[in-house]
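In what follows, a single structure is set out as C-alpha cells and then discussed.
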Amino acid sequence: MKHAIYPGSFDPMTLGHLDVIERAAQMFDTLTVSVLNNVAKSPLFSVEERVKILEEATAHLKNVKIDSFSGLLIDYCAKKDVHIVIRGLRAITDFEYELQIAQTNRKLSKGQVDTIFLTTSLEYAYLSSSSVKEIASFHGDISQCVPEFLVDRIHNKFS
Ligand code: PNS
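In my numbering, the protein residues as written are 1 to 159.
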C-alpha cells in the first residue's frame with residue numbers, strides 16, 4: 001500500500017495546502033497530513049485546532065488522515081512505517097530551504113525517507129500562512145486564501 005506523509009505547520013492551512021493535499025491524495029492509497037507541534041513557536045492556532053481544521057477541510061477525501069507529531073520528521077516516518085514525504089513548492093525561493101530539508105532527511109534516515117515535491121497550482125503560488133496572518137491582522141480580505149469556513153475563525157483570533 002502506498003502511503004505518504006505531508007508534514008507542515010499549517011498555521012493556518014491555506015487553499016494552497018488544500019490543493020497539494022487533494023493532488024497528493026490521488027497519487028497514494030493513504031495520505032497522512034501531519035501538523036508539527038513546534039514548542040519553539042507561538043502559533044495562531046493550537047495543534048488541536050489545526051488538526052480539527054484540517055479534518056474539516058479534507059472531510060471529502062476518504063484516504064486522507066490528519067495527525068500531529070513532535071520531534072524529527074524522520075522518527076515520525078519510521079514510527080508510521082512511511083518512506084515518502086510530500087512538500088509543496090511555490091517558487092524558486094522555496095527551493096533552497098526545501099532541498100536542504102529533503103537532503104537532510106534522506107541522509108539522517110539512511111535513505112529511508114525520500115521527498116516528493118508538488119508544484120503549487122499557479123493560482124495559489126502567491127499564498128503563504130504568514131501572509132494570511134498578516135492580512136487578517138489588519139482585518140483584510142482573506143476569502144481567496146483559505147477555505148470559507150475558516151475565514152471568520154482566523155479573523156476572530158485578531159478581534
Ligand atoms: O509548514 P512548514 O513550517 O514549512 O513545515 C516545516 C516542517 C514541519 C516540514 C519541518 O520544519 C519539519 O519537518 N520539522 C520537524 C523537525 C525536523 O525533522 N527537521 C528536519 C531536519 S532539518
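Cβ coordinates follow ideal geometry from the N, Cα and C atoms, glycine included.
- Of the residues P147, E48, Y126, the one whose Cα lies closest to the Cα of V35 is E48.
- Remark: C-beta atoms of G8 and L127 do not approach each other more closely than 8 Å.
- Looking from the CA of T32, the closest CA among K41, K79, E123 belongs to K79.
- Distances from the CB of T104 to the heavy atoms of ligand 1 include at least one below 7 Å.
- Judged by their CB atoms, A24 and L118 are nearer to each other than the 8 Å cut-off.
- Positions of the alpha helix (DSSP H) runs, each at least 4 residues long and wholly inside the stretch 109-148, are given as 129-137 in order along the chain.
- Sorting E55, E56, V51, H83 by C-alpha distance to the C-alpha of F69 places V51 at the top.
- Nearest Cα to L61 within the set K110, Y76, D29: D29.
- When C-beta atoms of the stretch 84-97 are compared with those of the stretch 107-121, three or more pairs fall below 8 Å, so the two segments count as touching.
- With fewer than 16 neighbouring CB atoms inside 10 Å of its own CB, S137 falls in the exposed class.
- For K2, no alpha helix (DSSP H) encloses it, and the DSSP letter there is neither H nor E.
- Between M13 and L72, the gap from beta carbon to beta carbon reaches 8 Å or more.
- Leaving aside the five residues that flank Y76 on each side, the residues in its chain whose CB is nearer than 6 Å to its CB run, in chain order, F69.
- A Cβ-Cβ separation of about 5 Å places L44 in contact with D11 under the 8 Å criterion.
- In the structure shown, the three-state DSSP call for F10 is coil.
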